[in-house]
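Heads up: the structure comes next, in structure tokens.
Residue numbers (the UniProt record's numbering): 1 to 361.
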């Protein structure tokens, strides 16, 4: 079968506060295959809030337009470069969300990703990428499911298990969560649901929040012990703390809201507890958020999370296979011609779990 030489791709022409400014370019030449590259047929793409923020001009990091958006995708290898010996055509893969970050701490040199505003994203039918940018995914997942685990799954994994909790004085150093810990998650977006599901499997007790009673069932299905409605309870952080032994507070909060939720997150944690900041869904609409000094009264640890390393990804894949863990995908899956509708759907927060665009069967 002849390999494709042209492809279709979606482009964000420029940032706009009123729309996503998406344009479909057809029959675009595919770049030549280098010796260390792979040619991919993109199978499915999942959207992240960052994709919306870049298009709307609210992303806090610099971006360059026009750009091909999105960073999460599953794909099939169609061809490999002459120097590639570990991958073969016909292999299903996932594109890593931080492909230069192999292990250890994140650095300025390894903080790069497809669709990050500087590197072309994945919202296209085909792509030529370095072979080091792809990895296997759990064999029990479909293409649609696999497209969801990169950024959201790995962010949740890093928040939970990336040595974010203080160790015992005079003993072990920082650690990830373990059985018996109490974790608070926020909402029913992808990171929150991954975090809730992973934490329950690890033996933690999970308290979740949601905006509506209708979404509670998704949290319960993952094994979440208590669910709080943050629209009805404006002091949900204190309520969560009151649900812990002696009212001491939760060990870890996976915060997805940023400025609009950090205040309640700090009220929920125990002394020397950790808030893992994974997103900025509130967009600053609720003001600048708590001051740095509000960390002091609870001796809090606040840790920013930007996905994770390949080593962490491989740990996550191993556990997902052991647990036979499946991600939550929204019931509506969009086609490649429905990209604008998919963006609007996520923007309106109509979703539960991940919003996916199926590119090819």
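Built from N, CA and C at the ideal position, the CB exists for glycine as well.
Taking its Cβ as the centre, do 16 or more other Cβ atoms sit within 10 Å of residue i, making it buried, or is it exposed?
i, result
"residue 202", "buried"
"residue 13", "exposed"
"residue 274", "buried"
"residue 140", "exposed"
"residue 4", "exposed"
"residue 19", "exposed"
"residue 43", "buried"
"residue 437", "For the chain, the structure presents residues 1 to 361; residue 437 sits outside this window and is missing."
"residue 145", "buried"
"residue 327", "buried"
"residue 6", "exposed"
"residue 320", "buried"
Tell whether a beta-carbon distance below 8 Å holds between residue i and residue j.
i, j, result
"residue 254", "residue 278", "yes"
"residue 81", "residue 33", "yes"
"residue 181", "residue 106", "no"
"residue 38", "residue 100", "no"
"residue 244", "residue 186", "no"
"residue 231", "residue 102", "no"
"residue 205", "residue 225", "yes"
"residue 353", "residue 228", "no"
Only counting the same chain, and skipping five residues up and downstream in sequence, which positions put a Cβ closer than 8 Å to that of residue i?
i, result
"residue 9", "24, 25, 28, 68, 123, 124 and 125"
"residue 323", "201"
"residue 109", "100"
Distance check for residue j and residue i, CA to CA, integer angstroms please.
i, j, result
"residue 250", "residue 137", "32 Å"
"residue 344", "residue 246", "44 Å"
"residue 11", "residue 248", "49 Å"
"residue 117", "residue 54", "7 Å"
"residue 256", "residue 280", "6 Å"
"residue 294", "residue 266", "8 Å"
"residue 313", "residue 176", "15 Å"
"residue 316", "residue 268", "27 Å"
"residue 342", "residue 297", "42 Å"
"residue 52", "residue 89", "33 Å"
"residue 337", "residue 360", "11 Å"
"residue 165", "residue 78", "43 Å"
"residue 358", "residue 347", "18 Å"
"residue 56", "residue 48", "13 Å"
"residue 148", "residue 301", "28 Å"
"residue 86", "residue 63", "34 Å"
With DSSP run on the structure shown, which of helix, strand or coil describes residue i?
i, result
"residue 336", "helix"
"residue 328", "coil"
"residue 359", "coil"
"residue 363", "Nothing about residue 363 can be reported from this structure: the residues present for the chain run from 1 to 361 only."
"residue 170", "Per-residue confidence for residue 170 stands at a pLDDT of 45, beneath the threshold of 50, marking its modelled position as unreliable; no derived number is given."
"residue 205", "strand"
"residue 231", "coil"
"residue 56", "helix"
"residue 301", "strand"
Keeping to the same chain, check which residues put their C-beta closer than 7 Å to that of residue i; ignore five residues upstream and five downstream.
i, result
"residue 169", "For residue 169, the pLDDT reaches just 46, beneath the cut-off of 50, and the residue's location in the model is therefore unreliable, although a value from the coordinates is still provided. None."
"residue 374", "The chain is shown from 1 up to 361; residue 374 falls before or after that span and cannot be answered."
"residue 351", "330 and 345"
"residue 133", "95, 96 and 99"
"residue 127", "40 and 42"
"residue 305", "155, 158, 159, 276, 277 and 278"
Output needed for residue i: all residues of its chain with C-beta closer than 6 Å, excluding positions within five of it in sequence on either side, in chain order.
i, result
"residue 171", "Reliability fails at residue 171, whose pLDDT of 46 lies under 50, so the model's placement of it is uncertain and the value that follows must be treated cautiously. None."
"residue 184", "207, 240, 250, 253 and 268"
"residue 263", "290"
Measuring from the CB of residue i, is there a heavy atom of the ligand GDP at a distance below 7 Å?
i, result
"residue 66", "Absent from the structure shown: the ligand GDP. Ligands present: none."
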